[in-house]
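With positions in the sequence shown counted from 1, the corresponding number in our numbering is that position plus 169.
Glycine included, C-beta positions come from ideal geometry on N, C-alpha and C.
The model shown is predicted, which means the values in this text are computed figures rather than measured ones.
So the structure is just underneath, and the comments pick up after that.
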Amino acid sequence: MGTSAQNREQARELMAGVDEDVAAGLLRGALDLHVHSGPSTMPRQLDHMQAAEEAIAAGMRAVLFKDHHYSSAPFIPLMERLIDNDEFSMFSGLVLNNSTGGLNPYVVDAQLKMGAKLIWMPTAQSANHIRSSHRKSRLVSNVQLMNSPALTVVDELGNVLDVVKQILDQIAEFDVILSSGHLHVWEIWKLFDEARSRGVKRLLINHPMYGLHFTPEDVRDFANLGVIVEQSAAMYVDSRFNVYSPQELKDHIDAAGVANSSIGSDLGQVDNPTPVEGMRQAIKLCLALGYSEADVRTMVTHNPARLVGLAT
170 MGTSAQNREQ ARELMAGVDE DVAAGLLRGA LDLHVHSGPS TMPRQLDHMQ AAEEAIAAGM
230 RAVLFKDHHY SSAPFIPLME RLIDNDEFSM FSGLVLNNST GGLNPYVVDA QLKMGAKLIW
290 MPTAQSANHI RSSHRKSRLV SNVQLMNSPA LTVVDELGNV LDVVKQILDQ IAEFDVILSS
350 GHLHVWEIWK LFDEARSRGV KRLLINHPMY GLHFTPEDVR DFANLGVIVE QSAAMYVDSR
410 FNVYSPQELK DHIDAAGVAN SSIGSDLGQV DNPTPVEGMR QAIKLCLALG YSEADVRTMV
470 THNPARLVGL AT
């Protein structure tokens, strides 16, 4: 792993050799299930409407908005009325942090009935995230949230909490996506075993190599169970969040295999590429790394569409 500056320079050099028209063609019809547009407690360079408009202009099929501290579900019907585009879909999700009610089945119930398509387990307020972020400067906003209890989905013996089992039953009933959030890989094994036993069919892991303590073997084993492993474009492209080299992107995708990999931008922050630009760069980088156009289409269109239940 090189420095962030070295990684970005390598990515720029590789992307420069890719035909822009080919990348643009693969962006058409793509889905981004990891858009951090605003409003938010943290600075965002574009709001949800702007993110949707940019995606439509690029010919994308759908976006899913994520915020660590609220659900965008109430925005979607309003935005659909304003945008009025039957060929473009917008989705929302709920992150189970303390700021949204934590591991609270009543909040989950209300959001699912409002149309939320994805339930993330705790992210920034998970015990694993808090431990992993110790002594790291993560403040990117002048809004400092209260310290909150560290959330976990298991008890001291490693058993999945009863309240989490109830939430898993709700996810199964509505047939929506379960994301492991920022839990530790050990917790995720427990969670996904329980989820599968309760009929949850749409399983997603975000950036497993970053903060979740996965090994390539863990990724491989989850993929063999049919889990979709999403790589965050922000961590590989010309972004201030870049922490991995282009070769590591290939290693991480290969660990899961194209058939079980997807790419989300994980973008929308200030001083970063926009979500659409991040997806475009990720497509170019994958092509430069030797993935075929069919491979890239699988990762940016077919697999995320399968997760949200859209035909491709």
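Nearest-angstrom Cα separation, counted from residue j out to residue i
{"i": "GLU386", "j": "ILE422", "result": "12 Å"}
{"i": "ARG466", "j": "VAL329", "result": "36 Å"}
{"i": "LYS235", "j": "PRO212", "result": "14 Å"}
{"i": "GLY186", "j": "LEU456", "result": "10 Å"}
{"i": "VAL406", "j": "ASN176", "result": "8 Å"}
{"i": "ARG307", "j": "SER430", "result": "Unreliable positioning characterises ARG307 in this predicted model, as indicated by a pLDDT of 47, which lies under 50. A coordinate reading is not provided."}
{"i": "GLU178", "j": "SER302", "result": "26 Å"}
{"i": "THR269", "j": "GLY447", "result": "28 Å"}
{"i": "VAL309", "j": "ALA174", "result": "Residue placement at VAL309 is flagged as unreliable, the pLDDT there being 47, under the threshold of 50; the coordinate-derived value follows with that caveat. Cα-Cα distance, rounded: 19 Å."}
{"i": "VAL322", "j": "ASP188", "result": "45 Å"}
{"i": "MET229", "j": "ARG197", "result": "5 Å"}
{"i": "GLY426", "j": "LEU360", "result": "22 Å"}
{"i": "PRO377", "j": "ASP190", "result": "31 Å"}
From the options, residue whose alpha carbon lies closest to that of residue i
{"i": "GLN416", "options": "ASP216, VAL329, SER209, GLY459", "result": "GLY459"}
{"i": "ARG389", "options": "ILE374, SER401, GLY380", "result": "ILE374"}
{"i": "LEU233", "options": "LYS334, ILE432, GLU325, ASN393", "result": "ILE432"}
{"i": "LEU476", "options": "ASN393, PRO377, ARG371, ALA457", "result": "ARG371"}
{"i": "HIS238", "options": "PRO291, GLN339, ASN441", "result": "PRO291"}
{"i": "ASP485", "options": "LEU337, ASN266, ALA227", "result": "Here the chain comprises residues numbered 170 to 481, so residue 485 is not present and cannot be evaluated."}
{"i": "GLN339", "options": "ARG181, VAL412, TYR275", "result": "TYR275"}
{"i": "ASP324", "options": "ARG367, GLU356, GLU182", "result": "GLU356"}
{"i": "MET468", "options": "ALA293, ILE397, VAL204", "result": "ILE397"}
{"i": "PRO243", "options": "ILE225, HIS217, ASN267, GLU256", "result": "HIS217"}
{"i": "ASP435", "options": "ARG409, GLY426, ASP420, ALA425", "result": "ARG409"}
{"i": "LEU381", "options": "GLY426, LEU215, ASP190, ALA296", "result": "ALA296"}
{"i": "VAL354", "options": "LEU418, LEU215, HIS298", "result": "HIS298"}
{"i": "ALA227", "options": "HIS351, PHE257, SER261, ASN441", "result": "PHE257"}
{"i": "GLN335", "options": "ALA293, GLN294, ASN273, SER401", "result": "ASN273"}
{"i": "ASP255", "options": "ILE225, VAL333, PRO473", "result": "ILE225"}
{"i": "VAL439", "options": "ALA403, HIS351, SER414", "result": "ALA403"}
{"i": "HIS351", "options": "ASN266, ALA364, GLY171", "result": "ASN266"}
Residue i, buried or exposed, once every other Cβ within 10 Å from all chains shown has been counted against 16
{"i": "TYR379", "result": "buried"}
{"i": "SER461", "result": "exposed"}
{"i": "PRO246", "result": "exposed"}
{"i": "LEU326", "result": "exposed"}
{"i": "GLY395", "result": "exposed"}
{"i": "GLY437", "result": "buried"}
{"i": "GLN313", "result": "exposed"}
{"i": "ASN411", "result": "buried"}
Anticipated Cβ contact below 8 Å, residue i with residue j, distance rounded
{"i": "ILE485", "j": "ALA231", "result": "Since the first residue shown for the chain is 170 and the last is 481, residue 485 is missing from the structure and cannot be characterised."}
{"i": "VAL454", "j": "LEU183", "result": "The question names Val, but residue 454 is Leu in the sequence shown. Confirmed, Cβ separation roughly 6 Å."}
{"i": "LEU200", "j": "THR470", "result": "6 Å"}
{"i": "SER206", "j": "GLN219", "result": "7 Å"}
Item to check | the segment 311 to 327 / the segment 245 to 258 touching (three or more Cβ pairs under 8 Å) | outcome: no
Checklist entry - How do the segment 284 to 295 and the segment 337 to 352 stand: do at least 3 beta-carbon pairs fall below 8 Å, yes or no? => result yes
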